[in-house]
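As structure tokens, the structure follows; a few thoughts come after it.
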Amino acid sequence: MKAPEPENFPEADDARRLQGRSTELTARVPQLLEAMRSVGTGLELHSTLDRICETAARLTGARYAALGVVDETGDGLSDFVTYGVDADIARQIGHRPDGHTGLLGELIRHPEAIRLTDLTTDPRSAGFPPHHPSMRTFLGVPIRVQGEMLGNLYLAEKHDGTEFTDHDQHMARVLATEAGLAIGNARLYEAARQRERWIDGSVAVTTALLSGKDTDHAGRLEHPVGTEETEGTERTERTEVTERTDYADHAHHALTVVAEQARRLADSAAGLVLLPTSDGGLEIVAVSSDTPDVSVGTRIPGKSAIVAKLLAGESVYMEDSSTDSRLVSPQAAHFGPTMVLPLHSDGRVLGVLVTPRAIGGRPFTESERTLATQFASQAALALMMAEAQRDRERLAVFEDRDRIARDLHDLVIQRLFAAGMMLETAQRQSDVPEVRTGIGKAVDELDVTIQEIRTAIFALQQGSSEAPSGLRTRVLREINMAAVPLGFKPAPRFVGAVDSAVGELTGKNLIAALREALSNTFRHARASRIEVTVDASAALADGTPAVRLSVADDGVGIPEGDRRRSGLRNLRRRAESLGGSSEVGPGLGEDGGGTTVTWQAPL
């Protein structure tokens, strides 16, 4: 029976030729075997490519060697490594070939071995770029595994100045077969490592968002210049503002973690997270980048062609964002290949993740796009879980506040009220004037304390979505606090829409001015009557709408040279920093005795 014919593979032909009796070829077999062993060592892709180039050059006696890896589309090169070209020369040459033209492109379109005596005269040659070494002799062989085209091996200029021979071509083909196996294994290893990195990155994002370790920078609230804080005052208000600051800081940190991890995993020049705006556009809220090309707060208008796609949950991939007409943001001009991925989970688009590479950078492969899309989905889910966790924690806080408020109302206030009733009974039964006077003061202080507790209960019972205490409430709080050391309660009066018209910054400075005015009155005025007026319908001298604070007393007034004028200077500086003014006038006593401090600032 006739033996079956061997498969018609070029590699099989090469093996049969190696069995010939050529003395030269036989002598080089040990060298070939050693070269094949060297090529198959190691799994890191780029080092494998470098090793193949070096081995091919030594095996064939070539001065220069290069290896081009075919991209996923099969019509260009995704990677290109060289041997024999000095690093300085490579930098002067600049961009490496893309495999679309010349002999490199010819080998991709027609994967058959090419051996030339003078490549400069071949019509398929596209010439050399400036600073490229001079080359004439050329040998190129394809690298294939199981019919799949992986790349091409290029050799040029033998050291002895001779042409490449049939033996050189046979050696190169056998080495290319072994190189194909090595590249295939390295690709599989690299893909496994890449998947592992993306999975680890997703775990890192989820852990960071849910571990609660991102509160180190929370609660740092910058107070307006010159705002003092007195122990025991505005405590509840500061707690509420701090909680809102905690929430904002937590959210910002969470998005920054996503941007940093995406940038690292995608090997991109930057990582950006954008959130939808009220006008249908997108705004950058988190940036991870070493360059100032992009910054937080930059907006992409809704008219951009890709915004609608992103908000609908579609991913957008760009080969070069600097030339892509779909982008209208000026920052796009600084980057090249870009992935723009929606952060969506359960049908809800939370934001957009952008990972741009530098201009001229390597395009994102299909595998990288798939992994990045999975990462974006996992990050979106982690963000939703973190948001739900924060909501649960905030709900627990408000439930605890409600319990405390009930205890204060049902227990503490009732006991204080009962104690006041007993003191009033004792006051009526006492015949000693000093005792009655002392008990009366104690009862007054209990009344003030009860008012303060009721104010605290009101603040504790405010929900998470309610606004903080209004200006009217804060003014009354300051007056109640001042009543204890003064021995009487100043009379408050409000004019206009105090709570809605006065801004937060102006309101904080007004409260600080009121606190200082009342403190000066207690220390120096020896007053028996104080009137506090807050007028939100006032106007400055130029007609600008303003809020005016007046603190008038019937005390001794301000003697010349009194140190209290330093406090008045503080009031004036505080008002002037806001564009307002502060002055002192006659008080409430007979013939204008006492003092009236008037402080005003624009709304």
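Numbering (the working numbering), first residue to last: 11 to 613.
Using N, Cα and C, we set each Cβ at its ideal position, and we do this for glycine too.
C-alpha distance - residue i paired with residue j, whole-angstrom precision
i: Ala-201; j: Arg-411; result: 53 Å
i: Ile-103; j: Gly-370; result: 15 Å
i: Arg-183; j: Thr-130; result: 23 Å
i: Tyr-327; j: Glu-122; result: 34 Å
i: Ile-62; j: Ile-193; result: 9 Å
i: Ala-389; j: Gly-281; result: 13 Å
i: Asp-224; j: Ala-264; result: Caution is warranted here: a pLDDT of 41 is assigned to Asp-224, below 50, making its placement in the model unreliable, and no coordinate value can be reported.
i: Ala-492; j: Lys-499; result: 7 Å
i: Lys-313; j: Gly-291; result: 8 Å
i: Gly-361; j: Leu-391; result: 12 Å
i: Gly-603; j: Arg-425; result: 42 Å
i: Leu-418; j: Ala-429; result: 15 Å
i: Arg-309; j: Val-295; result: 9 Å
i: Val-95; j: Val-283; result: 41 Å
i: Ile-489; j: Pro-502; result: 8 Å
i: Gly-137; j: Gly-112; result: 8 Å
i: Ala-214; j: Thr-383; result: 16 Å
i: Thr-92; j: Asp-210; result: 33 Å
i: Ala-396; j: Ser-212; result: 14 Å
i: Leu-515; j: Met-431; result: 42 Å
i: Leu-486; j: Ser-510; result: 16 Å
i: Val-80; j: Pro-152; result: 10 Å
i: Arg-484; j: Glu-444; result: 35 Å
Beta-bridge partners of residue i, as assigned by DSSP
i: Gln-543; result: Correcting the residue identity first, residue 543 is Thr in this sequence and not Gln. Arg-503 and Ser-560, per the DSSP bridge assignment.
i: Lys-168; result: Ala-72
i: Asn-490; result: According to DSSP, which records beta bridges pairwise, Asn-490 is partnered with nothing at all.
i: Asn-580; result: Asn-580 is not bridged to any residue.
i: Thr-605; result: Pro-596
i: Val-151; result: Leu-163
i: Glu-77; result: One detail in the question is off: residue 77 reads as Leu in this sequence, not Glu. Paired residue(s): Val-91 and Leu-163.
Which of helix, strand or coil DSSP assigns to residue i
i: Asp-89; result: strand
i: Gln-610; result: strand
i: His-354; result: strand
i: Leu-363; result: strand
i: Arg-106; result: coil
i: Gly-450; result: helix
i: Pro-121; result: coil
i: Gly-84; result: coil
i: Pro-140; result: coil
i: Phe-532; result: helix
i: Met-181; result: helix
i: Gly-565; result: coil
i: Ser-510; result: helix
i: Pro-555; result: strand
8 Å CB neighbourhood of residue i in its chain, flanking five on each side removed
i: Leu-581; result: Ala-523, Glu-526, Ala-527, Ser-592, Val-607 and Trp-609
i: Glu-116; result: Ile-124 and Arg-134
i: Gly-590; result: Leu-550, Ala-556, Trp-609, Gln-610, Ala-611 and Pro-612
Distance cut-off 6 Å: residue i Cβ against heavy atoms of the ligand GDP
i: Arg-61; result: The ligand GDP is not part of the structure shown, which contains no ligands of any sort.
Sequence-distant residues of its chain with Cβ nearer than 7 Å to residue i (five each side left out)
i: Glu-600; result: none
i: Gly-506; result: Asp-545, Ala-546 and Ser-547
i: Thr-287; result: Glu-293 and Arg-309
i: His-142; result: Ile-103
i: Gln-271; result: Gly-211, Ala-214 and Val-215
i: Asp-564; result: Ala-537, Ser-538, Arg-539, Gly-597, Leu-598, Gly-599, Gly-603 and Gly-604
Residues near residue i by beta carbon distance below 6 Å, same chain, minus five either side
i: Leu-320; result: Pro-352 and Val-362
i: Glu-158; result: none
i: His-336; result: In the sequence as displayed, the identity of residue 336 is Arg instead of His. Once the five neighbours on either side are set aside, the close Cβ partners of Arg-336 are Ala-315 and Ile-316.
i: Ser-298; result: Ala-269, Glu-270, Arg-273 and Gly-281
Counting only runs of 3+ residues fully inside the segment 267-337, write out the beta strand (DSSP E) ranges in chain order.
-> Entirely contained in the segment 267-337, the beta strand (DSSP E) runs reaching 3 residues are, in chain order, 280-286, 292-299 and 326-328.
Any alpha helix (DSSP H) of 4 or more consecutive residues that is wholly inside the segment 380-467 = Runs found: 423-439.
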